[in-house]
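Chemist:
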Amino acid sequence: MALSKAAYDLVRWAVPDFHDKTPYDSSNVWTLAALILIIGIQIHLLLRYNPSTTLPLRASLIPVATIFALKGAYAHYYTDTGADQLNGRGQHVNIAIGCGAMCMIIWTFRWGLVGQRPRLKVAQKPAESNAKSAGVPDRKTSAVEELPLYFPAWHQPVPFFTLRQRWRWVLRTLAPVPLYYLVYDAIFTLIGDDRFNVHAGSATGGSIWACRQGFFGAAGPYLMCAAYGITFTCSMYLQHAAVASIAVGLFGDPPLRWDPPAFRQPWLSTSVHQFWSKRWHQYLRFSFLAAGFWPVQPLVQGMLGRRAAYAVGTFGAFLASAAVHHFGSAAVTPGHNLGNLEVAMFFIIQPLAIFGEQLWQHCTGYRVRGFFGWLWTMTWMLATAPLLFDSISFGLTQHYLPRALDWWDDFNATK
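Counting the sequence shown from 1 gives a position; this note's numbering is that position plus 3.
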């Protein structure tokens with residue numbers, strides 16, 4: 004009884020009531036630092052010592068890291084204005100912390116229980132099949148597209164880049180930044196207009212379905228989803244470009260560590276498979292593959308074959324994504340709202356579209372591509388996007404990157 008009460012108290016310490024959360028400051032930011040340190044120790048023990056010898060010690064650190072991850076996501080929050088979480092203009096950061104904490108839990112299990120050291124991949128991509136060279140029309144194929152498992156920048160030995168090559172890469176990376184920032188600024192200006200977003204002026208926001216009362220009628224909620232998606236894409240690209248340029252230009256990091264960019268124009272995707280595997284960001288890819296694809300794919304392949312293993316592994320990867328985003332988004336939702344499965348359902352149903360595309364290809368011999376592939380992809384993503392955005396839209400009316408005009412007004416105010 005005493006043990007169960009101690010466990011309950013420990014969980015309540017890590018996951019208090021939503022309204023009992025406190026903002027991050029110098030007195031509690033150590034929880035995130037401790038989490039990173041513990042996982043670093045697990046990786047150090049795995050790489051530097053015999054994996055079988057250090058397995059008990061690495062495994063014993065799993066519950067400690069899990070508790071710190073939960074506390075980092077559910078006990079504290081980031082605020083930019085000093086207000087409470089919903090009014091603090093920091094929900095974008097809190098979502099990132101929540102999802103990041105869930106990925107850290109996956110990582111601590113991965114590095115705590117793995118029995119062998121990770122192996123670096125060679126500096127060569129898998130050869131891509133070229134239907135034209137085989138005398139087959141380019142749009143006719145019966146091959147199944149494998150889930151790409153190649154991780155950019157895992158090169159051995161690391162290639163050398165001259166200063167000129169690195170700075171040429173930096174300039175090419177920074178070239179789209181003004182356009183992305185202007186688009187970001189314009190979209191958030193639109194979100195601040197109550198004719199488009201009925202929650203404009205409210206720091207806490209609300210359901211996107213209320214936007215049906217706006218200027219665009221029934222299309223309003225879906226346009227809000229598109230707006231949130233575009234701002235997310237732009238802000239992630241801006242952050243990636245800034246950090247990558249500093250690392251490559253000033254510290255001499257190889258550009259291959261930062262390629263491809265965070266996003267590769269996801270609005271140009273001509274299939275749902277292409278959207279998720281190539282054009283959307285890959286920051287959490289390792290976590291999803293480690294939790295949902297790699298553990299089940301070999302088992303299923305031995306029993307049901309390669310195609311079934313690919314299908315089950317793909318579903319497992321999206322199921323892991325659903326769990327990460329579900330529990331991660333609970334960190335920004337009043338009451339944590341763990342019973343609302345809309346965010347999870349958005350990711351769970353994505354494999355259905357991918358399998359449908361493969362079935363179409365198998366039955367017709369034609370890949371999903373071109374204009375009609377783009378139309379299908381955008382229709383599917385917009386139709387399912389409300390599952391994701393409606394549940395996590397609280398507090399997202401306040402963007403965390405200042406508008407260009409905000410900077411100009413602040414500059415004039417200091418004169």
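We put the beta carbon where it would ideally sit given N, CA and C, even for glycine.
#1: For LEU40 and chain B, any beta-carbon pair shorter than 7 Å?
#2: Quick check: the Cα distance between ALA156 and PRO19, rounded to an integer number of angstroms?
#3: Looking only at its own chain, which residues have a Cβ that is under 6 Å from the Cβ of ILE108, when we skip the five neighbours before and after it?
#4: Got a sec, what are the start and stop residues for the alpha helix (DSSP H) TRP212 sits in?
#5: Only counting the same chain, and skipping five residues up and downstream in sequence, which positions put a Cβ closer than 6 Å to that of ILE357?
#6: Using the Cα positions of PRO26 and ALA334, report the straight-line distance between them to the nearest angstrom.
#7: Would you kindly report the start and end of the unbroken alpha helix (DSSP H) that includes LYS74?
#8: Is it the case that the Cβ atoms of CYS102 and VAL327 are separated by a distance below 7 Å?
#9: I think SER238 touches LEU177, with their Cβ atoms under 8 Å apart; what is that distance to the nearest whole Å?
#10: Please go through the same chain and pick out, in chain order, the residues whose beta-carbon is closer than 7 Å to the beta-carbon of ASP256, but skip the five residues on each side of it.
#11: Let me confirm a value: PHE375 is counted as buried when at least 16 other C-beta atoms fall within 10 Å, else exposed. Which label applies?
#12: What's the gap between the Cα of ALA244 and the Cα of THR236?
#13: What separation, rounded to the nearest whole angstrom, lies between the Cα atoms of GLY204 and ALA213?
#14: In angstroms with no decimal places, state the Cα-to-Cα distance between ASP262 and ARG169.
#15: Can the beta-carbon of TYR81 be found closer than 7 Å to that of LYS24?
#16: On the CB-based measure, 16 or more other CB atoms within 10 Å of its CB, does TRP16 come out buried or exposed?
#17: Around the Cβ of ALA9, are there at least 16 other Cβ atoms within 10 angstroms (buried) or fewer (exposed)?
Modeler: This is what the structure holds:
#1: Although the question refers to chain B, the structure presented lacks it and comprises just one protein chain.
#2: With a pLDDT of only 45 at ALA156, under 50, the local geometry of the prediction cannot be trusted, and the value read off the model is given with reservation. Each residue's alpha carbon lies about 40 Å from the other.
#3: THR69, ALA72
#4: Segment: none, TRP212 is in no alpha helix (DSSP H) and carries neither H nor E.
#5: VAL275, HIS276
#6: 13 Å
#7: 65-77
#8: yes
#9: The Cβ separation is near 16 Å, so there is no contact.
#10: ALA250
#11: exposed
#12: 12 Å
#13: 14 Å
#14: 12 Å
#15: no
#16: exposed
#17: exposed
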